[in-house]
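**Q** In our numbering, the protein residues as written are 760 to 1054. Cβ atoms here follow ideal geometry from the backbone N, Cα and C, with glycine treated the same way. Handing you this structure, nothing more for now.
What follows is the structure in structure tokens.
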């Protein structure tokens, strides 16, 4: 992350009442959102729904288009964030209907070098969960400072917000990624070939990957790829992929997806094969894991 430089960033405090939906799709801008009060959902693509509660932080490091919405709101009825931004004074926006209230600090940032190879390996979503409706301790000071800058927007505010964004994103990637909790993953981003391999894996956990197909995809021999990946990431490519698949499976089970849906999403041809693999990883069956999470 030391080689990635953050460009200007902008933030708005959104005070929303259900139903509401806001789309973020401006090219090159990466979303960063903090739920201060209430709850909502972040939707990536057609089916990837990430529930958010008060105290949660979510980042879209790869500039993927996404929608924030009140739970159950129609994604198709969204308002573009750029359109809302023109309606604001002093960094505060009020929108939505008459239902449940939600307050979000919504922002966007950019990298100066949009073609840096490390960016290809960043995950689609970084989700840091709060505790009992409160922000993680390390995040609170940053959010307070951003709220001040978003409201005042004095000279140099864009520079200050860019630096604050950089601190938040770096800290989140280094210490809070529950879905990518391998520290070697960040080291791997500094190597262009391994960064591409990581991006390929993160984009399609369900593909029938082998070391040979991954090596071919990044233009390396099998032996060179396997050795370089292990040296940088700290484990073999297939072991890393297995961990990614199991963490994704855990999240999908928690969201209520069926066993068949989860198995297909993470690359298993049958529910039985997936159940065996998951039990080996988690120490309990998928069904037991789901029940434990529901307690």
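Taking 8 Å as the cut-off, does the region 969-977 touch the region 951-961 (at least 3 CB pairs, one atom from each stretch)?
**A** Result yes; three or more Cβ-Cβ pairs closer than 8 Å.
**Q** Does DSSP put residue 775 in a helix, in a strand, or in coil?
**A** Three-state DSSP puts residue 775 in a strand.
**Q** Determine the contact status of residue 897 and residue 871, defining contact as a CB-CB distance below 8 Å.
**A** No, the Cβ-Cβ distance between residue 897 and residue 871 is not below 8 Å.
**Q** Given a cut-off of 8 Å on the beta-carbon distance, is the pair residue 801 and residue 817 in contact?
**A** A contact, by the Cβ cut-off of 8 Å.
**Q** Here's the rule I'm using: 16 or more other beta-carbon atoms within 10 Å means buried, otherwise exposed. How should residue 886 be labelled?
**A** So residue 886 counts as buried.
**Q** Hey, residue 866 and residue 813 are a contact pair by Cβ (cut 8 Å); roughly how many whole angstroms apart?
**A** Rounded, the Cβ-Cβ distance is 17 Å, inconsistent with contact.
**Q** So residue 779 and residue 831 are supposed to be a Cβ contact under 8 Å. How far apart are they, rounded?
**A** Incorrect: roughly 11 Å between the Cβ atoms, too far for contact.
**Q** For residue 795 and residue 774, I'd like the C-alpha separation in whole angstroms.
**A** Looking at the two C-alpha atoms, the distance is approximately 10 Å.
**Q** Pairing CB atoms from the region 1008-1017 with CB atoms from the region 1035-1045, are three or more of them under 8 Å?
**A** As far as the Cβ criterion goes, the region 1008-1017 touches the region 1035-1045, which means the pair count is three or higher.
**Q** Helix, strand or coil, according to DSSP, for residue 927 in the structure here?
**A** In this structure, residue 927 counts as helix in the three-state DSSP scheme.
**Q** Give the list of continuous alpha helix (DSSP H) stretches no shorter than 4 residues that lie fully inside the region 944-1004.
**A** Taking only runs of at least 4 residues, the alpha helix (DSSP H) segments lying wholly in the region 944-1004 are 951-962, 970-976, 981-992.
**Q** From this set, 983, 919, 967, which residue's C-alpha is nearest residue 1001's C-alpha?
**A** The shortest Cα separation from residue 1001 among 983, 919, 967 belongs to 967.
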